[in-house]
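Engineer: With positions in the sequence shown counted from 1, the corresponding number in my numbering is that position plus 9.
Okay, here's the structure, questions in a sec.
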Amino acid sequence: MKSRWYKDAVVYQIYPRSFCDSNGDGIGDLRGIISKLDYIKDLGVNAVWLSPIYKSPNDDNGYDISNYRDIMDEFGTMADFDEMLKGMHERGIKLIMDLVANHTSDEHEWFVQSRSSKDNPYRDYYIWRKGRGKNGKKPPNNWTSRFGGSAWQYDEKTGEWYLHLFSKKQPDLNWENPAVRKEIADICNFWMDKGVDGFRCDVITYISKEKGLPNGKFNPIMCGDEHFVVGPRYHEFIHELNQNSWSKYDSYTVGESTGITFEKAPDCIAEKRQELDTIFGFEHMCTDMYMEVIPHKFKLSRFTKVLSKWQTLPEGCWNTLFLENHDQPRSLGRFTGDYGDNRYEAATMLAVAMQMQKGTPFVYQGQEIGMVNCKFRDEDYLDVMARQVFSIASKIPFGKAIARACLAKRARDHARTPMQWTAGENAGFTSGKPWMMLNPSYKTINVEADLKAGEKSIFAFYKRLHAFRIGNEIIKNGDFVPLDLTNNSVFGYTRSCGGKTLLVVANFKNKKATYSLPANLAKGRAVISNYGGSTLSAELDLRPYEAAVFEIEK
Ligand code: NOJ
10 MKSRWYKDAV VYQIYPRSFC DSNGDGIGDL RGIISKLDYI KDLGVNAVWL SPIYKSPNDD
70 NGYDISNYRD IMDEFGTMAD FDEMLKGMHE RGIKLIMDLV ANHTSDEHEW FVQSRSSKDN
130 PYRDYYIWRK GRGKNGKKPP NNWTSRFGGS AWQYDEKTGE WYLHLFSKKQ PDLNWENPAV
190 RKEIADICNF WMDKGVDGFR CDVITYISKE KGLPNGKFNP IMCGDEHFVV GPRYHEFIHE
250 LNQNSWSKYD SYTVGESTGI TFEKAPDCIA EKRQELDTIF GFEHMCTDMY MEVIPHKFKL
310 SRFTKVLSKW QTLPEGCWNT LFLENHDQPR SLGRFTGDYG DNRYEAATML AVAMQMQKGT
370 PFVYQGQEIG MVNCKFRDED YLDVMARQVF SIASKIPFGK AIARACLAKR ARDHARTPMQ
430 WTAGENAGFT SGKPWMMLNP SYKTINVEAD LKAGEKSIFA FYKRLHAFRI GNEIIKNGDF
490 VPLDLTNNSV FGYTRSCGGK TLLVVANFKN KKATYSLPAN LAKGRAVISN YGGSTLSAEL
550 DLRPYEAAVF EIEK
């Protein structure tokens, strides 16, 4: 029986490459994580999601796996892993691993075999097709890689093309093949038998492709989605994996679910369906972007309408709450506008606005100290996606300038600069040369400085929020009622349960805002405030980025 422990969890995401380096090679590693377990515990979270740590040639920083049962050389050994897991469990922290099962690395033994000949037993582990046109030199269809360009790569050896929805070093697995599905279940069981508590399932919505792989509708940026996002056999495949692995353990799964709409979500996460426990919906993260990639101005009402809609998932479904991860730019600035000297207020306001909602919150490394986007020169971008965007854009007039402007706001590299521990050498991340440039902001924004900031410690504020929310019945199960979803300065909502009501208000602007409340919400005391105290009245005067939770008096 599942205890559904995740309903009372706050999850901290670690991007291992950039978290903490223990051996001076400039790359974060497992022993680095071990050295920070007390820090993670102190933050008051009770689960960790670890981005991939498996063997990988690192075309996409570990999201291209060459051996699912071994640890990446740079990150350490299986003994280090076992020690890390034990250290987490001793501290009451669960571990969620990243399950990357839509694709492998082209250096995985399965693919090496698969590409070696058409009659190799592993041929059908991947998706191979003949090309179109004379001599088959045109890709089999018009699908595009999520990183840009065709999703097909021609392979000289056998004269056929293989599908890769990400980089050409990430060939898609063929889930139609029962042997592939069994391999994935076995991999999950391998890690769960070791004591791992669950999985974040990478682009899991892409695993089932429509028969015949038809051309996608024309789209200037991405083609083919309608033929593989929650494809025809998606539910069957996930239910099978649930039955053959996840359901046998007290596990938690969260699916990265690009393209899943609110309407489709219940079919993916309702408890009775025995598929995934939760998904990461990205609708709120797309409210400041066109076509998921081109930035446009942030508008609070657009954002809060989406968040509030996801609060109304039907009974038996559970939500997730997040603003950051390793694929997203930092939330400060993005959702707050220019915060000037009010970085503490802006960061803690976002924390209140998100964490008082219903669902499981995820905090991304560095978010707990208010890390910010970085200024990159073209050559500083290391991410495979940014490099691909530049290479495609440079072929069209003004392309490079447009790409530069988009990446300055949107690049995944922003979240991947090394964790800022101190103002000292290399931000305390490594004694060697960091694999990626440090954000120069580390001189002022770092863990050491934040912990010393007393009343203005973002870490300490997060810690208070976690202590307040974990085990709090109103936050866990209470009704959510938004107050005024047309307001473009303040996000206000109530949470109620068992005759008790909490009022949450968050001023998203770096200036004062007034907020009118109905008489039944106008009396009460602040239980959380990022100004060290907030006063409730029918006409609330909120200071820049003021955020508070009030216990309402009847
Ligand atoms: C989603 C991951 O979060 C991202 O970092 C990766 O590039 C793609 N999936 C491909 O695995």
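Virtual Cβ for every residue (Gly too), placed ideally from N, Cα, C.
(1) Please indicate yes or no: does the CB of Phe-517 lie closer than 7 Å to some heavy atom of the ligand NOJ?
(2) Which same chain residues, not among the five before or five after Thr-153, have their C-beta less than 7 Å away from its C-beta?
(3) Under a three-way DSSP split, which group does Asp-68 fall into?
(4) Roughly how many angstroms separate the alpha carbons of Asn-516 and Arg-282, rounded to a whole number?
(5) Does the pairing of the stretch 521-532 with the stretch 475-484 give three or more beta-carbon distances under 8 Å?
(6) Determine the burial state of Pro-427: buried for a count of at least 16 other Cβ atoms within 10 Å of its Cβ, exposed for fewer.
(7) I'd like the ranges of any alpha helix (DSSP H) spanning at least 4 consecutive residues and lying wholly in the stretch 107-157.
(8) Report the three-state DSSP secondary structure of Gln-366 (helix, strand or coil).
(9) Use the C-beta contact count for Arg-13: other C-beta atoms within 10 angstroms, 16 or more gives buried, fewer gives exposed.
(10) Round the Cβ separation of Val-109 and Tyr-72 to the nearest angstrom and send it over; I've been treating them as touching at under 8 Å.
(11) So Glu-192 is in the alpha helix (DSSP H); what residue range does that whole segment cover?
(12) Which residue wins for smallest C-alpha separation from Arg-339, given the options Gly-346, Asn-382, Lys-318?
(13) Cα separation between Trp-248 and Asp-276?
(14) In its own chain, which residues sit with a C-beta less than 8 Å from the C-beta of Phe-246, not counting the 5 before and 5 after it?
(15) Can you tell me whether His-335 sits near the ligand NOJ, meaning its C-beta is under 7 Å from at least one heavy atom of the ligand?
(16) State whether the stretch 130-139 contacts the stretch 48-60, with contact taken as three or more CB pairs (one from each stretch) at a distance under 8 Å.
(17) In its own chain, which residues sit with a C-beta less than 7 Å from the C-beta of Asn-70, not counting the 5 before and 5 after it?
(18) Over the uninterrupted beta strand (DSSP E) stretch that includes Val-381, give me the two end residues.
(19) Jot down the residue ranges of each uninterrupted alpha helix (DSSP H) in the stretch 259-342, minimum 4 residues, whole runs only, in chain order.
(20) Using a 10 Å radius around the Cβ and a threshold of 16 neighbouring Cβ atoms, would you call Glu-165 buried or exposed?
(21) Apply the 10 Å Cβ neighbour rule to Arg-209 and answer buried if 16 or more other Cβ atoms are within range, or exposed otherwise.
(22) Please determine if the stretch 26-40 and the stretch 78-97 are in contact, where contact requires at least 3 C-beta pairs separated by less than 8 Å.
(23) If you follow the alpha helix (DSSP H) that Ser-400 is in, where does it begin and where does it stop?
(24) Please confirm whether His-112 and Leu-59 have their CB atoms less than 8 Å apart.
(25) Taking all protein chains shown into account, do 16 or more other C-beta atoms lie within 10 angstroms of the C-beta of Pro-180, making it buried, or fewer, making it exposed?
(26) Would you list the residues sitting across from Pro-491 in a DSSP beta bridge?
(27) Are Ala-420 and Tyr-390 closer than 8 Å when you measure CB to CB?
(28) Would you list the one or two residues that DSSP bridges to Phe-371?
(29) Round the Cβ separation of Gln-397 and Phe-156 to the nearest angstrom and send it over; I've been treating them as touching at under 8 Å.
(30) Quick check on this structure: which residue in Ala-556, Ala-557, Ser-525 has the alpha carbon closest to the alpha carbon of Ser-546?
(31) Taking 7 Å as the cut-off, does the CB of Phe-175 come closer than this to any heavy atom belonging to the ligand GTP?
(32) Whole angstroms are fine: how far does the CA of Leu-222 sit from the CA of Gly-268?
(33) How long is the line joining the alpha carbons of Lys-418 and Pro-304, rounded to whole angstroms?
(34) Count the CB pairs spanning the stretch 358-374 and the stretch 502-517 that are closer than 8 Å, and state whether there are at least three.
(35) If we ignore side chains and look at the alpha-carbon of each, how far apart do Glu-457 and Trp-430 end up?
Structural biologist: So, from the listed chains and residues:
(1) In the sequence shown, the residue the question calls residue 517 occupies position 508. Because no heavy atom of the ligand NOJ lies under 7 Å away, the Cβ of Phe-517 does not count as near it: no.
(2) Sequence index remark: in the sequence shown, residue 153 carries index 144 (1-based). In its chain, beyond the 5 residues on either side, Ser-159, Ala-160, Met-231, Cys-232, Gly-233 have a beta carbon closer than 7 Å to the beta carbon of Thr-153.
(3) Here residue 68 is taken as the residue at index 59 of the sequence shown, counted from 1. It is coil, neither helix nor strand.
(4) Position 507 of the sequence shown, counted from the first residue, corresponds to residue 516. Position 273 of the sequence shown, counted from the first residue, corresponds to residue 282. Approximately 39 Å, taken between the alpha carbons.
(5) In the pairwise beta carbon analysis, the stretch 521-532 is classified as not touching the stretch 475-484: fewer than three pairs are separated by under 8 Å.
(6) In the sequence shown, the residue the question calls residue 427 occupies position 418. By the 10 Å Cβ count, Pro-427 comes out buried.
(7) If we require 4 residues or more, the alpha helix (DSSP H) runs fully inside the stretch 107-157 come out as 118-125.
(8) Sequence index remark: in the sequence shown, residue 366 carries index 357 (1-based). In the three-state reduction of the DSSP assignment, Gln-366 falls in the coil class.
(9) One-based indexing of the sequence shown puts residue 13 at position 4. Residue environment: Arg-13 is assigned as exposed (fewer than 16 neighbouring CB atoms within 10 Å of its CB, all protein chains considered).
(10) As a working mapping, residue 109 is identified with position 100 in the sequence shown. As a working mapping, residue 72 is identified with position 63 in the sequence shown. Contact flag correct, Cβ pair sits at about 5 Å.
(11) On the sequence shown, residue 192 is found 183 positions in, with the first residue counted as 1. It spans 187-202 - the alpha helix (DSSP H) in which Glu-192 sits, taken as one unbroken run.
(12) Taking the first residue of the sequence shown as position 1, residue 339 is located at position 330. Selection Gly-346, Asn-382, Lys-318 evaluated against Arg-339 yields Asn-382 as nearest (Cα-Cα).
(13) The residue you call residue 248 lines up with position 239 of the sequence shown. The residue you call residue 276 lines up with position 267 of the sequence shown. Reading the sequence as shown, one finds His at residue 248 and not Trp. So the alpha carbons of these two residues sit roughly 11 Å apart.
(14) Counted from its first residue, the sequence shown places residue 246 at position 237. So the qualifying residues of the chain are Trp-184, Arg-190, Ile-216, Ser-217.
(15) Here residue 335 is taken as the residue at index 326 of the sequence shown, counted from 1. Under cutoff, so the answer is yes.
(16) Note that the stretch 130-139 does not touch the stretch 48-60; fewer than 3 beta-carbon pairs, one per stretch, sit closer than 8 Å.
(17) In the sequence shown, counting from the first residue as 1, residue 70 sits at position 61. Cβ within range, chain order: Arg-26.
(18) Within the sequence shown, residue 381 is the residue found at index 372, counting from 1. Unbroken run through Val-381: none, as it is neither H nor E.
(19) Runs of the alpha helix (DSSP H) lying entirely within the stretch 259-342 and spanning at least 4 residues, in chain order: 274-278, 309-319.
(20) Translated into the one-based positions of the sequence shown, residue 165 becomes position 156. Note on Glu-165: under 16 other CB atoms within 10 angstroms of its CB, so exposed under the neighbour-count rule.
(21) For the purposes of this step, residue 209 is identified with residue 200 of the sequence shown, where counting begins at 1. Its Cβ being crowded by 16 or more others within 10 Å, Arg-209 is buried.
(22) Result yes; three or more Cβ-Cβ pairs closer than 8 Å.
(23) Numbered from its first residue, the sequence shown carries residue 400 at position 391. For Ser-400, the uninterrupted alpha helix (DSSP H) run begins and ends at 393-402, by DSSP.
(24) Locating residue 112 in the sequence shown gives position 103, where the first residue counts as 1. Locating residue 59 in the sequence shown gives position 50, where the first residue counts as 1. No; because the gap between Cβ atoms is not below 8 Å, this pair is not in contact.
(25) Position 171 of the sequence shown, counted from the first residue, corresponds to residue 180. Buried: at least 16 other Cβ atoms inside 10 Å.
(26) Walking along the sequence shown from the start, residue 491 turns up at place 482. Secondary-structure assignment with DSSP links Pro-491 through a beta bridge to Tyr-502.
(27) The sequence position of residue 420 within the sequence shown is 411, counting from 1. The sequence position of residue 390 within the sequence shown is 381, counting from 1. In contact: Ala-420 and Tyr-390 (Cβ atoms closer than 8 Å).
(28) One-based indexing of the sequence shown puts residue 371 at position 362. Under DSSP, Phe-371 takes part in a beta bridge, and its partners are Val-20.
(29) Here residue 397 is taken as the residue at index 388 of the sequence shown, counted from 1. Here residue 156 is taken as the residue at index 147 of the sequence shown, counted from 1. About 4 Å separates the two Cβ atoms, so the contact holds.
(30) The residue labelled residue 546 in the question sits at position 537 within the sequence shown. It is Ser-525.
(31) As for the ligand GTP, it is missing from this structure, which binds only the ligand NOJ.
(32) Numbered from 1 along the sequence shown, position 259 holds the residue referred to as residue 268. Numbered from 1 along the sequence shown, position 213 holds the residue referred to as residue 222. Approximately 18 Å between the Cα atoms of the pair.
(33) For the purposes of this step, residue 418 is identified with residue 409 of the sequence shown, where counting begins at 1. For the purposes of this step, residue 304 is identified with residue 295 of the sequence shown, where counting begins at 1. Cα to Cα, the separation comes out at about 7 Å.
(34) Contact between the stretch 358-374 and the stretch 502-517 is present: 3 or more CB-CB pairs across the two stretches fall below 8 Å.
(35) On the sequence shown, residue 457 is found 448 positions in, with the first residue counted as 1. On the sequence shown, residue 430 is found 421 positions in, with the first residue counted as 1. When only Cα atoms are considered, Glu-457 and Trp-430 end up about 6 Å apart.
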